[in-house]
Amino acid sequence: MSTNKRILVTGADGFIGSHLTEYLVRAGYDVRAFVLYNSFNSWGWLDRADAGIKSSLDVFAGDIRDPNGVRKAVQGCDVVLHLAALIAIPYSYHSPDTYVDTNVKGTLNVVQAARDLGARVVHTSTSEVYGTARTVPIDETHPLQGQSPYSASKIGADQIALSFYMSFETPVAVLRPFNTYGPRQSARAVIPSIITQIAAGQRNLKLGSLHPTRDFNYVTDTVRAFEAVMNSDQALGQVLNAGSGFEVSIGDTVRMIAETMGVEVQIETDEQRLRPEKSEVERLLADNRRLRALTNWAPEYAGVDGFRRGLAKTVEWFTDPANLANYKADRYNV
């Protein structure tokens, strides 16, 4: 697929979306960035993009929940990379209705517009749809388990997207990233929570459960997966895991971050950070063979060495005072 295609990125103002938008502009694509409308005229993380990036962007401010705005945004675009979603699991416990509206209905709005206007869609899933691993590594045939309202809403969104491929031959692929991390991530995620607490001078860290394992992906690997999938005809109709294939516990992650930052820390369990027992996803480890087979993608930050390199870059960004100032390290972020 040539770079003169016009690409709509929904959720372009967020963590992964802003990295993806910048990457695509630098690669020569024509990008329309869908950001959440707000009275501050904020473009989220894109406000901090280089002037050259911002001047190259067609920014569309709207709301993924509104079908009329979504249709207008999709007009004239060849590809939709659909990242707009509510993703915080604790917030889904007390505001689940917004997750259905944003994640399920928002996805319906995207694929309906794409069907009518002839655009290809890469829909963003999440490893959370698998719940606690029954078998490892987790491949795309693993049962889906909605262990939180968030994961249930993403299961619904994935199925809506795939149903349009099955029912109408709308060109849809589902990319299922495992736990992405890196610069700009929300402090409600565990890696930024650890780094920002240490950077703020704390040595007695407040964290939730330490034994669950995760398959962490550095953000540029996730971004490259989006480009690979959108350019692969073989990916259409498929669900594709984007994971590093490396499993690490939260406790070991804390130790590796502390080593990277050159400090010794103690860990204190913070009850409000613990998930309900049946809701906690205990183990995640990706089988990424399908994505590797159908595209030219492979993780550049795989294994323990790759994880350490990704953590070093993440720490470097978060410990820049200008970046750290955006975070509230002294409180629990839902």
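For the sequence shown, the positions run 7 to 340 when the numbering used here is used.
Beta carbons: idealized from backbone N, C-alpha and C, even for Gly.
By the Cβ-count criterion, Val-235 is buried, with 16 or more other Cβ atoms from all chains shown falling within 10 Å of its own Cβ. Setting aside the 5 residues that flank it on each side, Thr-27 is surrounded in the same chain by Val-15, Ala-18, Val-37, Ala-39, Leu-52, Ala-55, Ile-59, Leu-63, each with a C-beta closer than 8 Å to its C-beta; the list follows chain order. Bounds of the beta strand (DSSP E) holding Gln-272 are 272-275.
About 6 Å separates the beta carbons of Thr-130 and His-88, which is inside the 8 Å limit, making them a contact pair. Note that the C-beta distance between Ile-256 and Leu-216 is below 8 Å.
The secondary-structure analysis by DSSP pairs Ile-13 across a beta bridge with Val-37, Val-85. In terms of Cβ geometry, Val-254 and Leu-211 do not form a close pair [threshold 8 Å].
Counted as a single uninterrupted DSSP element, the stretch harbouring Phe-184 is not any beta strand (DSSP E), since DSSP gives it neither H nor E. Counting C-beta pairs closer than 8 Å gives fewer than three between the stretch 158-173 and the stretch 305-315, which falls short of the contact rule. Collapsing the DSSP output to three states places Leu-114 in a helix. Between Val-225 and Gly-188 the beta-carbon gap is near 3 Å, inside 8 Å, which marks them as a contact. Taking 3 residues as the shortest admissible run, the stretch 211-292 contains the following complete beta strand (DSSP E) segments, listed from N- to C-terminal end: 222-224, 245-248, 272-275. Collapsing the DSSP output to three states places His-25 in a helix.
Contact between Cys-83 and Arg-32 fails: their C-beta atoms lie close to 19 Å from each other, not under 8 Å. Arg-182 places its beta carbon less than 8 Å from that of Asn-247.
Shown here, Asp-103 sits in a helix according to DSSP, grouped into three states. Non-local C-beta neighbours of Glu-288 in its own chain, meaning closer than 7 Å and more than five positions away in sequence, comprise Thr-138, Pro-218, ordered along the chain.
DSSP places Ile-93 outside both helix and strand once states are collapsed to three, so it counts as coil. Secondary structure at Thr-301: coil, using DSSP grouped into helix, strand and coil. Per the coordinates, the alpha-carbon of Gln-203 lies some 15 Å from the alpha-carbon of Arg-190.
Contact annotation, Thr-325 with Ile-22: C-beta distance approximately 21 Å; criterion of less than 8 Å not satisfied. Assignment of Thr-132 by DSSP, reduced to helix, strand and coil, places it in the coil class. Counting every other CB atom within 10 Å of its CB across the protein chains shown gives Thr-108 a total of 16 or more, marking it as buried. For Asp-64, DSSP records a beta bridge to Arg-38. Counting only the Cα atoms, Pro-96 lies some 10 Å from Pro-282.
Contact between Arg-209 and Val-260 does not hold, since the beta-carbon distance rounds to 12 Å and is not under 8 Å.
The beta carbon of Ala-304 sits closer than 7 Å to those of Arg-298, all from its chain and outside the five residues before and after it, given in chain order. Spatial neighbours of Ser-24 in its own chain (CB-CB distance under 6 Å, excluding positions within 5 residues in sequence) are listed in chain order as Trp-51, Leu-52.
The C-alpha of Ile-201 lies about 20 Å from the C-alpha of Phe-184.
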